[in-house]
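*Asks:* First the structure, which I've put down as structure tokens, then a few questions once you've had a look.
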Amino acid sequence: MHYSWIRRAVVLAVASALLAACSSSQTPPPSGSDAPPSEAGDAGGDAPPFVYEVGMFADIAAENWWAYLDDADGWSGFVLDGSACQLYELTPPTSVVTPQLAAHDWPQPERDGDVWAVEVDLAGDATWSDGTSVTAADMVFTWQTVNGLELGGQWLSFYEPAAREAGLVTAIEALDETSVRIEFADEPGLGTWPMAVALAPIMPEHHWGPIVDGAADVSELLTTSGAGSPVCGPYEFVEREPGAFVRVVANEDWFLAGTSYTHYADGTVAVRNDARSIDERYGASSGDGADEVVAEYVTGPNADEVLYTLYSDAAVAVGALVDGEIAFLLTGPGLDPAAQDRLFDAEGVEVVANPNYTLQFLGFNLERAPMNDLAFREAVATVIDREHIAQTVMGGAALPLYTRMPSGNTAWFDDAVAEDITSRWRDFPNYGARLERAVEILRDAGYTWEVEPTVNGETGDLSQRGAGLTAPDGTPVADLELLHPTAGYDALRNTAGLFTAQFIGDLGVDVAATPLPFGELVSRVIDPSNLQYDMAILGWGLGNPALPTYYDMFWRSDAPLNIVGYASDEYDDAVARFMQTRDLAAAYDILWNELEPILDADLPYVPLFDTPVVEGYRPEEITFPYTEVLGGLGNQGGLRALVLAPE
Amino acid sequence: MWRTICVRLVQMALVLWLLATTVFVVIRLAPGDPTLHLALDPSLPPAARQLQVERMGLDLPLWGQYVTYLGGLVTGDLGVSMHEYPREVTDIIAERLPRTVALVVVATVAAFALGVVVGRWTAWRRDSHADRTVTGLLVFAATAFPPWVAYLMIWVFAYELGWLPSGRFLTPEVWRDAPVTVSSVFLALGATAALVAVGAVVAALARARELATPRAVVVISVTLVAGVLGVWAMHPARHFAADLLWHAMLPTVTLTLLTLGPAALLMRSAMVTTTNTDTVLYARARGLGERLVRNRHAARLALPPVIAAFALNLAGVVTGSLVFERVFSWPGLGTTFVDAAVAGDAPLASGIIVTYGVVLVGMHLLLEGAQWALDPRLRTSRVAAS
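Printed below as a string of structure tokens:
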């Protein structure tokens with residue numbers, strides 16, 4: 001009796017709860033693949049919108065453009081990039097400069113009294129997503145806000161590249177609603193105009209003006225959510241749940257929607273938009289391949305919204321792509337080989353591999369012996385078998401690199417000169433020949449050994465490791481330390497460190513390969529005034545592919561990122577001309593006729609390898625107009641303005 | 001009594017100061033630099049990094065940074081996150097803490113509630129086949145490597161069977177344009193759980209003191225649960241709550257299983273020592289049934305160490321969430337701490353550790369207070385000693 005009472009009460013309670021649950025449905029049902037089973041039955045209604053589902057495995061740190069560029073956070077960039085507009089843009093995949101807000105191709109700066117100036121006309125038909133016109137005043141407002149609130153990070157690279165440029169933006173003023181004047185303190189090189197200020201994003205004054213005026217300090221502006229801010233790009237940031245997801249929706253009134261771009265092999269781009277009466281071809285033609293189409297597309301936005309789902313790590317995110325939970329995965333710093341293999345093995349996932357724009361290298365501290373001796377560096381560069389490391393040891397996960405310009409940047413890569421440089425270091429019949437050449441270089445420079453390295457003449461293999469290398473002045477070469485990242489941080493550079501130490505050790509020098517946590521490694525290497533290492537294996541992201549200004553940042557004598565202590569008057573002179581020229585063709589000639597040959601002769605770095613970017617997407621969910629692009633699809637934000645639903 | 005309270009508070013402050021100082025020294029002296037990413041970008045001028053260094057106060061000498069840090073702690077200001085600059089650390093912790101607490105409290109309460117039942121059951125069947133089997137499983141649960149168990153659960157229930165989700169803590173499609181925030185739903189769920197828990201305690205007390213008949217207790221309890229379910233079923237946020245519960249199921253069950261082992265073993269060993277006490281002997285001599293002797297008398301004597309372990313476990317599991325949350329993609333305090341540590345975000349990492357410290361010290365203080373209030377021997381000895 002007692003228990004039947006309880007049973008009845010429990011049944012009544014459960015029944016009442018179920019009845020109540022079934023009786024009301026005020027909230028839209030979920031459509032996710034892992035939604036609660038009890039909710040799945042609510043689905044129905046209109047045709048579903050085209051939602052481009054993208055996965056990422058790090059949360060964004062900024063919710064508005066001011067904050068994103070202030071601290072240069074890459075993951076925020078994936079979400080926010082493309083929601084702003086600018087005078088000109090680097091049009092993917094060839095990164096040719098084409099007008100965005102500007103009415104015409106970029107004009108050359110002219111001297112005007114004590115300053116240099118450029119005047120740009122805006123097309124005048126661009127509007128923010130709330131219908132307000134984009135005007136020259138918006139650009140002036142953005143510039144004044146960055147200066148007034150002393151924003152930093154990437155904003156400085158757009159407006160104040162004084163440290164690396166002759167030019168310095170000194171003023172931006174609106175001549176009228178649709179024309180803007182930009183002044184420079186000195187004659188600007190390409191790095192200043194158009195590659196910096198012309199690409200600076202522009203913010204809507206009518207939205208942010210009151211917020212900026214009312215902000216007590218810069219923190220208040222940086223922490224204000226960008227949700228609801230009008231945009232002049234294809235997508236508008238609308239929602240973020242920290243640790244879970246971010247959502248952007250299509251700007252149906254994007255002024256560049258429906259524009260067709262045809263990229264040609266000669267480095268030019270044909271842009272056509274009948275509604276805007278545009279039919280132009282931009283970029284400097286190399287003369288070859290003027291009719292060969294590299295990529296062709298019409299801008300969207302085609303997806304109604306882009307939903308970025310956050311996963312805790314790369315392995316989980318790859319699992320989500322494999323399971324069909326997302327259509328594309330942003331890989332950020334890259335996927336480890338196991339994750340890449342999982343993508344290759346997955347059904348329904350198309351894998352694309354693109355060249356990266358990075359440089360993994362062996363750097364010498366030129367302030368210490370024997371690294372300050374060119375003969376030693378040349379012998380080291382000779383004895384390192386980069387083909388063996390990249391192809392055999394790494395199993396093809398990396399591409400051997402011999403020039404400081406990766407071949408993936410096809411617009412800037414010179415096959416002929418690069419082949420000359422490459423053959424010098426690559427073309428040995430076997431390791432023995434390579435070692436013998438390195439020994440010869442050292443012997444010619446006056447080095448001696450207690451035990452000279454020897455090679456088996458028949459097999460071409462190492463027969464006897466060298467020992468007791470002594471410098472030309474009679475000083476024994478001290479034990480050296482080669483710093484490199486830990487395997488946990490970067491397995492490829494860790495492996496390269498171990499093998500490089502072994503190769504150098506064959507020459508008769510004791511080299512200790514020391515893996516260090518990345519932060520500690522960089523802190524010992526990064527300060528040019530206090531270099532605390534002998535040799536180090538590191539890597540650089542190379543920045544803007546349209547103008548390789550890193551030749552200036554890494555190897556100019558007083559450059560802030562000259563982390564090897566390299567100093568060459570000849571190089572300084574050449575790189576100064578490279579940075580000051582206003583002609584892309586002239587810059588190209590300087591790079592391949594002067595900068596690369598000088599660096600290849602002086603060897604402050606030994607380029608080691610470049611790693612391809614491996615990414616995956618689900619073709620039954622989305623299609624891309626092109627998949628071959630430097631740095632990968634993720635580097636272009638997953639091509640969200642171009643992505644199409646499959647037919 | 002007041003003197004003891006004052007002494008404890010001073011001790012607590014000293015412990016927290018020591019913790020805060022240790023955390024500051026360890027984190028600040030660790031290699032790495034939160035502004036490094038600005039230095040490594042070849043497109044950025046050096047001024048960009050210098051500006052960030054000055055904003056974050058990293059240009060101050062170490063003692064200057066320490067004074068600023070301690071001053072902030074005293075006023076409850078944990079500083080500004082470097083990775084999510086310039087967001088307040090307290091703001092981030094307030095956002096992430098409820099997610100951790102929700103997971104940990106539910107799992108710990110469930111584990112100890114089950115543990116008490118299982119522990120007393122096995123103790124009462126000591127050395128039987130059932131005892132040996134169950135105790136073996138409990139030992140396995142208590143000694144298994146938690147991440148391994150977590151991965152095993154994900155593999156079985158998410159990947160192989162596909163019954164439960166993993167990899168994220170909500171379904172974005174459900175939460176698109178949600179009229180409520182995740183935090184508010186967590187709070188509502190927490191309030192519901194607290195209401196049910198209070199109801200259960202009141203019902204248990206009423207039953208123990210014979211203020212209500214068994215039937216009345218059952219009716220009231222079932223009505224309470226039905227009412228709560230009914231309210232939730234009609235609530236506009238029910239889909240969102242269901243989605244959170246759905247995603248929380250696998251981590252909660254896993255954490256419950258992992259906590260169940262030690263809880264049940266502790267209860268079992270405590271029960272074993274009580275079976276031969278005079279109280280239990282007397283209860284049996286009075287002719288009470290075995291069930292009554294076990295549940296009313298033996299179990300009651302065994303409970304104090306279990307309650308102490310529960311309180312400490314509640315605080316301890318919060319710290320244990322560091323690895324656990326990561327495995328389940330649960331963006332609580334543990335995941336946030338790991339991310340902060342990897343990113344070199346010193347203020348956020350140290351703020352989370354200090355928060356953990358405050359929780360641990362606070363739980364110790366509460367436990368001591370509870371023991372003081374419940375055990376007259378402690379009061380007597382302390383008074384005599386003072």
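Heads up: the protein sequence lines correspond to chains A and B, in order.
1 is the number of the first residue of the first sequence in my numbering; add one for each residue after it.
1 is the number of the first residue of the second sequence in my numbering; add one for each residue after it.
For each residue, glycine too, the CB sits at the ideal point set by N, CA and C.
Remember, it's a predicted structure, so these values are computed and weren't measured experimentally.
Identify each residue in the stretch 547-561 of chain A for which the Cβ-Cβ distance to at least one residue of chain B is less than 8 Å, and report them in chain order.
*Replies:* Those would be T549, Y550, M553, F554, P560 and L561, in chain order.
*Asks:* Roughly how many angstroms lie between the CA atoms of V323(B) and S329(B), to the nearest whole one?
*Replies:* Going from the Cα of V323(B) to the Cα of S329(B) covers about 10 Å.
*Asks:* Quick one: give me the first and last residue of the beta strand (DSSP E) that R181(A) is part of.
*Replies:* Counting along the chain, the beta strand (DSSP E) containing R181(A) begins and ends at S179 to F184.
*Asks:* Kindly list, in the order they appear in chain B, the residues whose Cβ is closer than 8 Å to that of W540(A).
*Replies:* Near W540(A) (Cβ distances below 8 Å), the residues of chain B are L40 and P42.
*Asks:* Got a sec: does the ligand FMN put a non-hydrogen atom nearer than 7 Å to the Cβ of P42(B)?
*Replies:* Judged by which ligands are present, the structure shown has none, so any question about the ligand FMN falls away.
*Asks:* Would you identify the three-state DSSP class for P46(B), choosing helix, strand or coil?
*Replies:* The answer is helix: DSSP assigns P46(B) an H, G or I state.
*Asks:* Measure from the C-beta of F169(B) to each C-beta in chain A and report whether the shortest distance is under 8 Å.
*Replies:* Interface residue, yes.
*Asks:* Taking the alpha carbon of L595(A) as the point to measure from, which residue in E150(A), S95(A) and F554(A) has its own alpha carbon closest?
*Replies:* Out of E150(A), S95(A) and F554(A), F554(A) has the C-alpha closest to the C-alpha of L595(A).
*Asks:* Does W282(B) get closer than 8 Å to chain A when you measure Cβ to Cβ?
*Replies:* Residue 282(B) is actually Tyr in this sequence, not Trp. Chain A, which has no Cβ nearer than 8 Å to the Cβ of Y282(B), makes this no.
*Asks:* Which same chain residues, not among the five before or five after Q532(A), have their C-beta less than 7 Å away from its C-beta?
*Replies:* Cβ within range, chain order: R524.
*Asks:* Taking a cut of 9 Å between CB atoms, which residues from the stretch 40-69 of chain B lie near chain A?
*Replies:* Hits within the stretch, in order: L40, D41, P42, S43, L44, P45, P46, A47, A48, R49, Q50, L51, Q52 and R55.
*Asks:* What whole-angstrom Cβ distance do V246(A) and R240(A) have, given they're in contact under 8 Å?
*Replies:* With 8 Å as the limit, V246(A) and R240(A) qualify as a contact, their Cβ atoms being about 5 Å apart.
*Asks:* Please classify S76(A): does DSSP put it in a helix, a strand, or coil?
*Replies:* Helix.
*Asks:* Exposed or buried, T75(B), counting other C-beta atoms within 10 Å across all chains shown (16 or more means buried)?
*Replies:* By the 10 Å Cβ count, T75(B) comes out exposed.
*Asks:* Can you give, in chain order, each stretch of the beta strand (DSSP E) that sits fully within the stretch 209-269 of chain A and has at least 3 residues?
*Replies:* Runs of the beta strand (DSSP E) inside the stretch 209-269 of chain A: 235-241, 245-250 and 260-264.
*Asks:* Could you please give the first and the last residue of the uninterrupted beta strand (DSSP E) stretch that includes F50(A)?
*Replies:* Element bounds for F50(A): n/a, residue is neither H nor E.
*Asks:* DSSP on Y282(B), reduced to helix/strand/coil?
*Replies:* Three-state result, Y282(B): helix.
*Asks:* Give a yes or no on whether the minimum CB-CB distance between S329(B) and chain A is below 8 Å.
*Replies:* At least one chain A Cβ lies under 8 Å of S329(B).
*Asks:* So which residues on chain A does E160(B) lean against when the C-beta distance must stay under 7 Å?
*Replies:* Neighbours of E160(B) on chain A: none; closest Cβ ~12 Å, over 7 Å.
*Asks:* For W155(A) and E520(A), what's the separation of their Cα atoms in angstroms?
*Replies:* Approximately 28 Å, taken between the alpha carbons.
*Asks:* Which chain B residues sit within Cβ distance under 8 Å of A487(A)?
*Replies:* Result: empty, since nearest Cβ-Cβ is about 16 Å, beyond 8 Å.
*Asks:* As a quick exercise: from Y261(A), A445(A) and S407(A), pick the residue whose alpha carbon is nearest that of Y626(A).
*Replies:* Y626(A) has its Cα closest to that of Y261(A), out of Y261(A), A445(A) and S407(A).
*Asks:* Below 8 Å on the Cβ atoms is my guess for N356(A) versus P612(A); work out the distance and round it to an integer in Å.
*Replies:* Rounded, the Cβ-Cβ distance is 6 Å, consistent with contact.
*Asks:* Please classify I5(B): is it buried, with 16 or more other beta-carbons within 10 angstroms of its beta-carbon, or exposed?
*Replies:* I5(B) should be labelled exposed.
*Asks:* Based on Cα-Cα distance, which residue from A370(B), E290(B), A39(B) and D339(B) lies nearest to P304(B)?
*Replies:* Here the closest residue by C-alpha is A370(B).
*Asks:* Cβ of G344(B) less than 8 Å from any chain A Cβ?
*Replies:* Yes - at least one Cβ of chain A is within 8 Å of the one on G344(B).
*Asks:* Do L103(B) and A248(B) have their C-beta atoms closer together than 8 Å?
*Replies:* Going by C-beta atoms, L103(B) is nearer than 8 Å to A248(B).
*Asks:* Look up A501(A) in the DSSP assignment and say whether it is helix, strand or coil.
*Replies:* In the structure shown, A501(A) sits in a helix (DSSP, three-state: H, G or I).
*Asks:* DSSP three-state call for M12(B): helix, strand or coil?
*Replies:* M12(B): helix per DSSP, three-state reduction.
*Asks:* L312(B) and T277(B) look like a contact to me (Cβ under 8 Å); what is the Cβ gap, rounded to whole Å?
*Replies:* Rounded, the Cβ-Cβ distance is 25 Å, inconsistent with contact.
*Asks:* Can you list, in chain order, the residues of its chain with a C-beta nearer than 6 Å to that of T454(A)? Leave out the 5 residues immediately preceding and following it.
*Replies:* Result list for T454(A): S463 and Q464, in chain order.
*Asks:* For L329(A) versus I537(A), is the C-beta distance shorter than 8 Å?
*Replies:* Cβ atoms of L329(A) and I537(A): not closer than 8 Å.
*Asks:* At what residues does the alpha helix (DSSP H) containing Y551(A) begin and finish?
*Replies:* Element bounds for Y551(A): Y550 to W555.
*Asks:* What does a CB cutoff of less than 7 Å around A178(B) pick up in its chain, not counting 5 residues either side in sequence?
*Replies:* Excluding sequence neighbours, A178(B) sits near F240.
*Asks:* Tell me the rounded alpha-carbon separation between A501(A) and A487(A).
*Replies:* Using only the alpha carbons, I get a separation of about 15 Å.
*Asks:* Smallest Cα separation from Q340(A): which of L310(A), T145(A), E621(A) and V614(A)?
*Replies:* Ranking the options by Cα distance to Q340(A), first place goes to V614(A).
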